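Numbering (this note's numbering), first residue to last: 514 to 626.
Glycine included, every Cβ here is placed at the ideal spot set by N, Cα and C.
Computed from a predicted model, the values in this text were never measured in an experiment.
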Amino acid sequence: MARGAVGGNGSEDGLAKAIEIALTLGIFVVAGLGLDYWLGTAPWFVLSFGTVAFIVKFIVEWYRYRERMQVHEQEMASNRPSEQRGIDRATGFDEPASLPTGVSLDADADSSA
């Protein structure tokens, strides 16, 4: 999985995505302002272009996020040891452990104490 360029924590990627979203919305809003000024239809193109840009960026980022999470989950599953507990365990249940000395599950032993 790709890490951030510096430090490996992904904060640079987050900043780059934030700038990308802001610039995309800004470009579409400015284009809407220009069309509104030119056609005299203010504020309809600004609102429509801004809304469309926001919705499209939201959908794009959602699919990017889902793809990153699927890759991350596959990496986690491939790095998991196969002989551990859990649903991937190939063997049966654990053997029951013996009780400590002096402990019994019999009802008669509890009532006699």
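Cβ neighbours of residue i in the same chain (closer than 8 Å, five flanking residues each side left out)
i      : result
Gly615 : none
Cut-off 6 Å between Cβ atoms - residues of its own chain near residue i, not counting five sequence neighbours on either side
i      : result
Gly545 : Phe558, Val559 and Phe562
Pro613 : none
First through last residue of the alpha helix (DSSP H) which encompasses residue i
i      : result
Arg577 : Trp557 to Asn592
Gly553 : From DSSP, Gly553 is part of no alpha helix (DSSP H); its letter is neither H nor E.
Euclidean distance between Cα positions of residue i and residue j
i      : j      : result
Glu586 : Arg593 : 11 Å
Thr537 : Ala566 : 7 Å
Ala620 : Met582 : 51 Å
Thr554 : Ala535 : 24 Å
Beta-carbon proximity check, residue i vs residue j, cutoff 9 Å
i      : j      : result
Lys530 : Glu574 : yes
Beta-carbon contacts of residue i that lie in its chain and below 7 Å, excluding the five residues immediately before and after
i      : result
Glu533 : none
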